[in-house]
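Visitor: Sharing a structure here in structure tokens format.
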Amino acid sequence: MTSPSFPLTFRLTSARQSYAGNCVGAGRALLRAVRGFMLVELLVTVTIVAVLASIALPLAELAVRRQKEQALHAALRQIRSAIDTYKLAGDQGAIRKRADQSGYPDSLDALEGGVDDARSPERAKMYFLRRLPRDPLYPDAQAPAADTWGKRSYASPPDAPREGTDVYDVYSLAPGAGLNGVPYNEW
């Protein structure tokens with residue numbers, strides 16, 4: 001037996017229209033749910049990034065401070081080593097000095113600019129530093145390198161350093177203390 005084709009086609013068309021109508025309605029609901037989900041995802045992502053930034057920023061500042069302190073330590077070591085080498089050269093007769101002089105350099109510029117070698121017939125220069133390092137913690141970046149350091153003369157006591165006719169030691173002029181708790185001027 002054959003069934004009439006018209007009612008069957010009508011039913012299929014009705015089913016298709018009904019299915020398409022449900023898809024559009026379901027699609028709108030799904031789109032609304034996805035939009036809401038995207039907003040929640042965005043808020044969660046922003047919150048996570050903010051928490052990570054609040055953790056990373058102090059760590060980055062600490063790393064920069066530690067790097068500057070390491071540079072300060074290296075610069076102090078370099079200058080102090082040059083001062084000691086200058087003194088040794090003076091004690092060995094390579095640098096002329098008067099009887100009333102300590103044998104330490106008159107200024108930090110003498111370490112970089114060089115002094116005449118008293119033992120050399122050509123009066124060759126002796127250099128103790130290629131370049132005078134700056135205090136990395138000194139606030140004025142335009143100041144000459146020699147002005148960024150505090151200078152202690154041989155005649156001044158260690159607990160009250162002051163400048164004099166020679167440079168026995170250097171110290172940082174930066175305020176505050178290092179991560180180790182020791183004030184910068186006592187390093």
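With the UniProt record's numbering, the residue at position 103 of the sequence shown is 103, and numbering never jumps.
C-beta: ideal position from N, C-alpha, C; glycine also.
Beta carbon of Y104, beta carbon of V170: below 7 Å?
Guide: Not closer than 7 Å, so no.
Visitor: Rounded to a whole number of angstroms, what is the C-alpha to C-alpha distance between G178 and E69?
Guide: Near 7 Å, if we compare the C-alpha coordinates of E69 and G178.
Visitor: Using DSSP with H/G/I as helix, E/B as strand and the rest coil, what is S172?
Guide: It is a strand residue.
Visitor: Give me, in chain order, the residues of the same chain whose beta-carbon lies closer than 6 Å to that of D117; leave out the 5 immediate sequence neighbours on both sides.
Guide: Answer for D117: A94, A124 and M126, listed in chain order.
Visitor: Return the CA-CA distance between S14 and L42, expressed in angstroms with no decimal places.
Guide: Only weak support is given to the placement of S14: the predicted model assigns it a pLDDT of 48, under 50, and the value that follows is read from those uncertain coordinates. If you take the alpha carbons of S14 and L42, they lie about 42 Å apart.
Visitor: By Cβ distance, which residues of its chain are closer than 8 Å to Q78, with the 5 residues on each side in sequence left out?
Guide: For Q78, where only same-chain residues beyond five positions count, the Cβ hits under 8 Å are L129 and P133.
Visitor: Which same chain residues end up closer than 6 Å to A89 when comparing Cβ atoms and leaving out the 5 residues on each side of it in sequence?
Guide: Only I95 meet the Cβ criterion.
Visitor: Rounded to the nearest angstrom, how far is the Cβ of S172 from that of D135, given a contact under 8 Å?
Guide: Confirmed, Cβ separation roughly 5 Å.
Visitor: Could you have a look at R162 and say whether DSSP puts it in helix, strand or coil?
Guide: Looking at R162 - three-state DSSP - the assignment turns out to be coil, as it is neither helix nor strand.
Visitor: Tell me which residues share the same chain as R119 and place their Cβ nearer than 6 Å to its Cβ, disregarding the 5 neighbours each side in the sequence.
Guide: Closer than 6 Å at the Cβ level, and outside the excluded window around R119, lie A94.
Visitor: Assuming A146 and S107 make a contact with CB atoms under 8 Å, what is their CB distance in whole Å?
Guide: Between S107 and A146 the Cβ distance is about 7 Å, and since that is below 8 Å, they are a contact.
Visitor: Which term fits L12, buried or exposed, when burial requires 16 or more other beta carbons within 10 angstroms of its beta carbon?
Guide: Bear in mind that the predicted position of L12 carries a pLDDT of just 48, short of 50, making it unreliable; the figure below should be weighed with that in mind. Under this definition L12 is an exposed residue.
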